[in-house]
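To convert, take the position in the sequence shown, counting from 1, and add 81; that gives the numbering used here.
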Amino acid sequence: MDTSVIHDTPNLSRQIRFHDSDGKIWFEEQRVLLLQLGALAEFRKEQIDTLGLERAKGFFMRLGYSLGKKDAQLALKLAASDDAATLLRTGFNLHALKGMVRIEECTLQLDEDHFYAEYRLHDSYEAEMFRGELGMLDDPVCWSLMGHASAYTSALLGREILFKEVTCRGCGDDQCLFVGRPAEEWDDADIYRGYFSSDRIIEELYELQSQISVLRHKIDSESTLGNFRGQSPAYQQVCKLAHKAAPGKVTVLLLGETGVGKELVARGIHQASERADEPFIAVNCAAIPPDLIESELFGVERGAYTGATQSRAGKFERANGGTIFLDEVIELTPRAQATLLRVLQESELERVGDTATRKIDIRVVAATNESLEQAVEEGRFRADLFYRLNVYPINIPPLRERREDIPLLVEHFMEKYQAFYNKRVAGLSDMAMRAMSNYEWPGNVRELENVIERGLILTEQSEPISAHSLFPTLELDSSQTVSSQGHLVDNNTPEADANNSSDWITEALAECGSMEAIENRVIEHALNQANGNVSEAARALGISRPTLAYRIKKLDQAL
82 MDTSVIHDTP NLSRQIRFHD SDGKIWFEEQ RVLLLQLGAL AEFRKEQIDT LGLERAKGFF
142 MRLGYSLGKK DAQLALKLAA SDDAATLLRT GFNLHALKGM VRIEECTLQL DEDHFYAEYR
202 LHDSYEAEMF RGELGMLDDP VCWSLMGHAS AYTSALLGRE ILFKEVTCRG CGDDQCLFVG
262 RPAEEWDDAD IYRGYFSSDR IIEELYELQS QISVLRHKID SESTLGNFRG QSPAYQQVCK
322 LAHKAAPGKV TVLLLGETGV GKELVARGIH QASERADEPF IAVNCAAIPP DLIESELFGV
382 ERGAYTGATQ SRAGKFERAN GGTIFLDEVI ELTPRAQATL LRVLQESELE RVGDTATRKI
442 DIRVVAATNE SLEQAVEEGR FRADLFYRLN VYPINIPPLR ERREDIPLLV EHFMEKYQAF
502 YNKRVAGLSD MAMRAMSNYE WPGNVRELEN VIERGLILTE QSEPISAHSL FPTLELDSSQ
562 TVSSQGHLVD NNTPEADANN SSDWITEALA ECGSMEAIEN RVIEHALNQA NGNVSEAARA
622 LGISRPTLAY RIKKLDQAL
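Written out as structure tokens, the structure is:
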């Protein structure tokens, strides 16, 4: 084949988007960085000094290998043709576009039964590091580029291809030259496979980290609560309150929106108590028909009513010695409320249609997403029962108030559903994670779990989950895109078209008349949206809480 220089394509260049307003650069849906070569050289020197030459080489070859796999996914998505040679050249275009190296194709022999390639590398960033700052070595140094070429080509062709650098400017040669062949044609293929596998030192570090996590869990058990997951201050506060309540028999009332994890907290309280080996019975009071709720909760004797053909213990008797969780307790009928009050006061109950009193030892954890105080005022809930349930309230904040927990929850549900569907994906795209972090989550953790499961189903094996896979209803219209704020919007909306951004500015100036007046209106709007929460309003405005508090004070003085 004649020597040809691989050039960039406009299609690739158009995928780069600079958002200087929030300091981010996007390449398609992946966030990318601009880094100084000198800083990378210093980092590489530190790796060589810390790990040794061979382990550092393996580290950077694995880095290139990982980048190669991701670029292969991107090339398949962006290439105008499914021709293998065109796809290979697209990958080298990506390298040139990123400023890593310029590739010159010397030889490419490609068919179903044969592969052989030679590429000349011009201005390899790795060779420049060693020639300019690190000092030349005895062997080739374009480690990450080698790993990238091997992974990229293998992923596109569906067979293991290994590239070796036969000459390198980083070790004194005149040029950097790559040769690629199927792995079975290299005598030392196993050596290179070893470079692409996790080094033992990494496994040792992971093992140490695992041991440290176990020790920390033993030392500070109050930092976790069963399967209720998080790391935010709000999460830690819930764990602290739950662990304080767990040892005794105090009745706990869990408050919070639908989907925040009230049952998980209830199970965590049970597991942290002395009753952990006894039954935990969860009851959704809203799911039981009103005429059956008493018999379901407290049991029934044979013949108590038509259809009661045998005596049966209720949920409370089955939970004897353990914990019963009453979700949506506000849905209890008046008679059931009266019976529950007696259970809480006297630790005894009577089955429906029975006269015998049964003693029980039970811990009650109740939950509601409505205001029990309001239900008492409206006559829908007994005041004396409310006071008995409200001994130890724990408010579980909605997910939008503990956004720091979102990445941890995403990781947890990804592991869960990848195992359930026996399917592995390459995580979430950077834009997808940003969209999830900015979403308001009205359905809280339960909604997040459903979104992850849906995204996993819609995503092909080994590909990253995109933002549109998480929001499939918006995928119906190809004109929609992801904004710089991580929201899915129409391309023809002002948010998607910067050229229309002047419209609202003109309107604001016409209505308010001055910059100060516009700023005051923006602050008022943010406070209204946050229901007066200054911290939340500050986050929405992208400023610190003290700064916003100062401006509010200044606004009040002006009024």
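Built from N, CA and C at the ideal position, the CB exists for glycine as well. From a predicted model like this one, the values you see are computed outputs, not experimental measurements.
Bridge partners for residue i per DSSP, in chain order?
i           : result
residue 203 : 183
residue 125 : Answer is none; residue 125 lacks a bridge partner.
residue 439 : 430
residue 111 : 108
residue 189 : 198
residue 333 : 446, 473
residue 306 : 309
Within 10 angstroms of the Cβ of residue i, are there 16 or more other Cβ atoms? Answer buried if so, exposed if not.
i           : result
residue 265 : exposed
residue 131 : exposed
residue 365 : exposed
residue 272 : exposed
residue 391 : exposed
residue 145 : buried
residue 428 : exposed
residue 197 : exposed
residue 578 : Residue confidence for residue 578 is low, a pLDDT of 49 falling below 50, so the modelled location carries little weight; the figure read from the coordinates is stated next. Burial call: exposed.
residue 458 : exposed
residue 626 : exposed
residue 514 : buried
residue 97  : exposed
residue 383 : exposed
residue 540 : buried
residue 538 : exposed
residue 605 : exposed
residue 516 : buried
residue 210 : buried
residue 510 : buried
residue 557 : For residue 557, the pLDDT reaches just 35, beneath the cut-off of 50, and the residue's location in the model is therefore unreliable, although a value from the coordinates is still provided. Residue 557 is exposed by the Cβ-count criterion.
residue 468 : exposed
residue 478 : buried
residue 101 : exposed
residue 172 : buried
residue 170 : buried
residue 194 : exposed
Could you tell me the boundaries of the alpha helix (DSSP H) in which residue i lies?
i           : result
residue 515 : 511-519
residue 318 : 314-326
residue 154 : 134-159
residue 275 : 270-277
residue 176 : 165-178
residue 228 : 224-238
residue 610 : 596-610
residue 524 : That residue, residue 524, is in no alpha helix (DSSP H); it is neither H nor E in DSSP.
residue 116 : Here residue 116 belongs to no alpha helix (DSSP H), and DSSP marks it neither H nor E.
residue 218 : Element bounds for residue 218: n/a, residue is neither H nor E.
residue 551 : 548-551
residue 622 : 615-622
Check the C-beta distance from residue i over to residue j and give it rounded, since I have them as a contact under 8 angstroms.
i           : j           : result
residue 342 : residue 379 : Going by Cβ atoms, the distance from residue 342 to residue 379 rounds to 28 angstroms, so no, they are not a contact pair.
residue 719 : residue 466 : Since the first residue of the chain shown is 82 and the last is 640, residue 719 is not available in this structure.
residue 630 : residue 618 : With 8 angstroms as the limit, residue 630 and residue 618 do not qualify as a contact, their Cβ atoms being about 10 angstroms apart.
residue 525 : residue 349 : About 17 angstroms; that fails the 8 angstroms criterion.
residue 202 : residue 165 : About 21 angstroms; that fails the 8 angstroms criterion.
residue 122 : residue 186 : Rounded, the Cβ-Cβ distance is 28 angstroms, inconsistent with contact.
residue 546 : residue 506 : 6 angstroms
residue 220 : residue 257 : Their Cβ separation, rounded to whole angstroms, is 13 angstroms, which puts residue 220 and residue 257 out of contact at 8 angstroms.
residue 227 : residue 206 : Not a contact, Cβ separation roughly 13 angstroms.
What is the residue span of the beta strand (DSSP E) that residue i lies within?
i           : result
residue 245 : 242-248
residue 99  : 97-100
residue 106 : 105-108
residue 69  : Look at the range of the chain in this structure, 82 to 640, and you will see that residue 69 is not part of it.
residue 258 : 257-263
residue 406 : 404-408
Please confirm whether residue i has its beta-carbon closer than 8 angstroms to some beta-carbon of chain C.
i           : result
residue 498 : Among the chains in the structure shown there is no chain C, since it carries only a single protein chain.
Going along the chain, which unbroken runs of the beta strand (DSSP E) with 3 or more residues stay wholly within the region 453-497? 473-476
Enumerate, from N- to C-terminal direction, the unbroken beta strand (DSSP E) stretches of 3 or more residues contained entirely within the region 335-396. 361-365
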